Amino acid sequence: MTNFFDNFSLRSHNTFGLEATARYWAEFHSTAELIEIVRHCREHDLPWYVLSGGSNIILTGNFPGVILHPAARTITRPEPTLVRAEAAVVWDELVAWCVEQGLGGLENLSLIPGYVGASPVQNIGAYGAEAKDTIETVEYLDTETLQIVRLPGRDCAFGYRESIFKGTLRGRAIVTAVEFRLTDEKSGNYTYNIGYGDLHEKVMALGGASLAHIREAVIAIRQAKLPDPAVTGNAGSFFKNPVIPAAQAAALRAQHPDMPGYTSADGSEVKVPAAWLIDRAGWKGFRCGTVGVHPKQALVIINLGGATAQEILNLARRIIADVEQKFGIHLTMEVNVL
1 MTNFFDNFSL RSHNTFGLEA TARYWAEFHS TAELIEIVRH CREHDLPWYV LSGGSNIILT
61 GNFPGVILHP AARTITRPEP TLVRAEAAVV WDELVAWCVE QGLGGLENLS LIPGYVGASP
121 VQNIGAYGAE AKDTIETVEY LDTETLQIVR LPGRDCAFGY RESIFKGTLR GRAIVTAVEF
181 RLTDEKSGNY TYNIGYGDLH EKVMALGGAS LAHIREAVIA IRQAKLPDPA VTGNAGSFFK
241 NPVIPAAQAA ALRAQHPDMP GYTSADGSEV KVPAAWLIDR AGWKGFRCGT VGVHPKQALV
301 IINLGGATAQ EILNLARRII ADVEQKFGIH LTMEVNVL
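1 is the number of the first residue of the sequence shown in the UniProt record's numbering; add one for each residue after it.
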C-alpha cells in the first residue's frame, strides 16, 4: 500500500524518547483510508495499534504489525456551542481555538499533551475538569464491522481515566473525531471552574475569572511543574490518583494530618494525590542511572538519557511497592504499555 512505511522508527513518536521500530507505519487522512488499512491488516493477519501523539505510552520493544497514525486535523463548529475535532488535532490547539471563540469547558485542560482522538479513550482530566464533562459524541470506526459509529458521550462508560474504549471496545474502536458541547462565555450561563488547587489564586492574580485567564494560569502552573518532553523524556502523569474508602483516608490523616484529599459527592471515598504519596515516601527528585523522578513533580518519571522501557518500569514498580508498604495504598500506572 502506498501509505505504508517499512521498519519505521518510533523514537520521535513517543514522548519518553524510547528506541523502538514498527514493522509498518501507516497514516490515515480519512475514514476511507483507515478502512482500507484495516482491511489490509485483516487480509495479511497483521496486528495493529493506534499511536497518535505518543504522550501516554511506554514502548517495550519493536512492534510486529502496523502502527496506525491519525493525520486528519480539521476543527469545525456545526452549531454555535458544538465543536467537532478530528482525531489528529493537537489537543492544546483545540483548547486554544475554543478559548479564542469564547467557548467554555476545555480551558482547565490546557497544555495536556496528545491528540484529540485520545481524549475520550483516557478521559483526560486536570484541575477539576475531565473530557467527559463536555464530550457529546465520539465517532469511531468499528474494526469488526468496518462501519463508522457515533456513540453519545453518556454511553462511553466514562470513569476516572477510564472509558468504554479501554474496556469492551478496546482493540475494536479507532476514534476518528470527537464532538464537544461547550458554553458561550457571554451567555451568562457559564460557571468558571477554578476551585482546584492553587488555580483560584493564579486566576485572581491575572485579573479575575475568564476563559483566557484560566487558560493562562493553567499553562503557567503546568510549565512551572512539568518537564518539557522535548528536553526531558517523560509521559506526564505516570500514576493515577488513588481513590480510597473514606474510613481509610481518615485513619491515614490521623497519622499524616497534612495529607490532601478530595471527597466524593456521597462522602464514601477520597481521591488522594499520588504525587503527595510519592513525595512523602521520599521519591521526589530520585535519580538512578538513566531514570529518575522529576524534582518538581513527583508524579512524573523521567528519562535522564538512554533509558530503556524496562528501567522505567522497574523504577515504577519500586515506587508502587514502597508507597503500598508505607501507606497501604496501591498506585496504578496511568501510562499504557505496548
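We treat Cβ as the ideally placed atom computed from N, Cα and C, and that holds for glycine.
The model shown is predicted, which means the values in this text are computed figures rather than measured ones.
What residue does the alpha helix (DSSP H) around THR31 start on, and which one ends it? Locating residue 31 in the sequence shown gives position 31, counting from the first residue. That run of the alpha helix (DSSP H) goes 31-43.
Cβ-Cβ distance between PHE63 and ALA118 below 8 Å: Working through the sequence shown from its first residue, we reach residue 63 at position 63. Working through the sequence shown from its first residue, we reach residue 118 at position 118. In this structure, PHE63 sits away from ALA118, with a CB-CB distance that is not shorter than 8 Å.
Taking the continuous alpha helix (DSSP H) assigned at HIS200, which residues delimit it?
Numbered from its first residue, the sequence shown carries residue 200 at position 200. That run of the alpha helix (DSSP H) goes 199-205.
Q. Helix, strand or coil for PHE327 per DSSP?
A. Position 327 of the sequence shown, counting from 1, holds the residue named residue 327. Helix, per DSSP.
- Should GLY236 and GLY128 be called a contact, given that it needs their Cβ atoms to be closer than 8 Å? For this step, residue 236 is matched to residue 236 along the sequence shown. For this step, residue 128 is matched to residue 128 along the sequence shown. No, the Cβ-Cβ distance between GLY236 and GLY128 is not below 8 Å.
- prompt: On the three-state DSSP scale, how would you describe HIS69?
  reply: For this step, residue 69 is matched to residue 69 along the sequence shown. The answer is strand: DSSP assigns HIS69 an E or B state.
Suppose you measure from the CA of GLU136 to the CA of LEU68; what does that come to, to the nearest Å?
Position 136 of the sequence shown, counted from the first residue, corresponds to residue 136. Position 68 of the sequence shown, counted from the first residue, corresponds to residue 68. C-alpha separation (whole angstroms): 25 Å.
Under the three-state DSSP convention, the category CYS98 falls into: The residue you call residue 98 lines up with position 98 of the sequence shown. CYS98 falls in the helix class under three-state DSSP.
Quiz item: If you draw a straight line from the C-alpha of VAL138 to the C-alpha of GLY153, how long is it?
Solution: Translated into positions along the sequence shown, residue 138 becomes position 138. Translated into positions along the sequence shown, residue 153 becomes position 153. Rounded to the nearest angstrom, the two C-alpha atoms are 7 Å apart.
request  = Please name the residue or residues paired with THR143 in a DSSP beta bridge.
outcome  = Against the sequence shown, residue 143 aligns to sequence position 143. Here THR143 is not bridged, per DSSP, to any residue.
Exercise. Does the separation of the CB atoms of ASP142 and VAL149 fall below 8 Å?
Worked result: In the sequence shown, residue 142 corresponds to position 142, counting from 1. In the sequence shown, residue 149 corresponds to position 149, counting from 1. Yes, they are a contact pair.
task: Using the Cα positions of ASN7 and GLY65, report the straight-line distance between them to the nearest angstrom.
output: Taking the sequence shown and counting its residues from 1, the one referred to as residue 7 is at position 7. Taking the sequence shown and counting its residues from 1, the one referred to as residue 65 is at position 65. So the two alpha carbons sit approximately 10 Å from each other.
Next item on the list: Whole angstroms is fine: what's the gap from THR134's alpha carbon to ALA126's?
Entry: Position 134 of the sequence shown, counting from 1, holds the residue named residue 134. Position 126 of the sequence shown, counting from 1, holds the residue named residue 126. Spanning the two alpha carbons is a distance of roughly 14 Å.
Exercise for review: Say whether the segment 267-275 touches the segment 235-253, bearing in mind that this needs 3 or more beta-carbon pairs closer than 8 Å, one atom from each stretch.
Suggested key: yes
query: Nearest CA to the CA of VAL231: which residue from ARG23, HIS200, TYR262 and HIS294?
result: Along the sequence shown, read from residue 1 onward, the residue named residue 231 stands at position 231. Ranking the options by Cα distance to VAL231, first place goes to HIS294.
With DSSP run on the structure shown, which of helix, strand or coil describes ASN193? In the sequence shown, the residue the question calls residue 193 occupies position 193. Residue state, collapsed to three classes: coil.
Cβ neighbours of THR60 in the same chain (closer than 7 Å, five flanking residues each side left out): For the purposes of this step, residue 60 is identified with residue 60 of the sequence shown, where counting begins at 1. Once the five neighbours on either side are set aside, the close Cβ partners of THR60 are ALA309, VAL337 and LEU338.
field: Euclidean distance between Cα positions of GLU107 and GLN122
entry: The count along the sequence shown starts at 1 and reaches residue 107 at position 107. The count along the sequence shown starts at 1 and reaches residue 122 at position 122. Their backbone Cα atoms lie some 18 Å apart in a straight line.
- Message: Can you list, in chain order, the residues of its chain with a C-beta nearer than 8 Å to that of ARG11? Leave out the 5 residues immediately preceding and following it.
- Response: The residue labelled residue 11 in the question sits at position 11 within the sequence shown. Correct list, in chain order: GLY17, LEU18, GLU19 and ALA20.
*asked:* According to DSSP, simplified to helix, strand and coil, what is ASP258?
replied: For the purposes of this step, residue 258 is taken as residue 258 along the sequence shown, with counting starting at 1. Residue state, collapsed to three classes: coil.
Point to revise | Coil, strand or helix - ALA224 by DSSP | key: Here residue 224 refers to the residue found at position 224 of the sequence shown. In the structure shown, ALA224 sits in a helix (DSSP, three-state: H, G or I).
Practice prompt. Quick one: give me the first and last residue of the alpha helix (DSSP H) that LEU82 is part of.
Written response: Stepping through the sequence shown from its first residue, residue 82 is reached at position 82. Per DSSP, LEU82 belongs to no alpha helix (DSSP H); it is in the beta strand (DSSP E), 82-86.
- prompt: Where do the N-terminal and C-terminal ends of the beta strand (DSSP E) with TRP48 fall, by residue?
  reply: Within the sequence shown, numbered from 1, the residue matching residue 48 stands at position 48. Run containing TRP48: 48-50, per the beta strand (DSSP E) assignment.
Quick one: give me the first and last residue of the beta strand (DSSP E) that VAL300 is part of.
-> Residue 300 sits at position 300 when you count from the first residue of the sequence shown. Looking at the DSSP string, VAL300 is not in any beta strand (DSSP E), and its letter there is neither H nor E.
N- and C-terminal bounds of the beta strand (DSSP E) containing TRP25: Along the sequence shown, read from residue 1 onward, the residue named residue 25 stands at position 25. Per DSSP, TRP25 belongs to the beta strand (DSSP E) from 21-28.
Practice task
Can you give me the Cβ contacts of ASP184 inside the same chain, cut-off strictly under 8 Å, excluding the 5 residues immediately before and after it?
Solution key: Locating residue 184 in the sequence shown gives position 184, where the first residue counts as 1. Cβ within range, chain order: PRO80, THR81, GLY102, LEU103, GLY104 and TYR190.
**Asked** Taking the alpha-carbon positions, what's the MET204 to LEU299 distance?
**Response** On the sequence shown, residue 204 is found 204 positions in, with the first residue counted as 1. On the sequence shown, residue 299 is found 299 positions in, with the first residue counted as 1. Cα-Cα distance, rounded: 27 Å.
inquiry  = So if DSSP puts residue 383 in a beta bridge, which residue, or which two residues, is it bridged to?
reply    = Lying outside 1 to 338, the shown extent of the chain, residue 383 is not represented and no answer is given.
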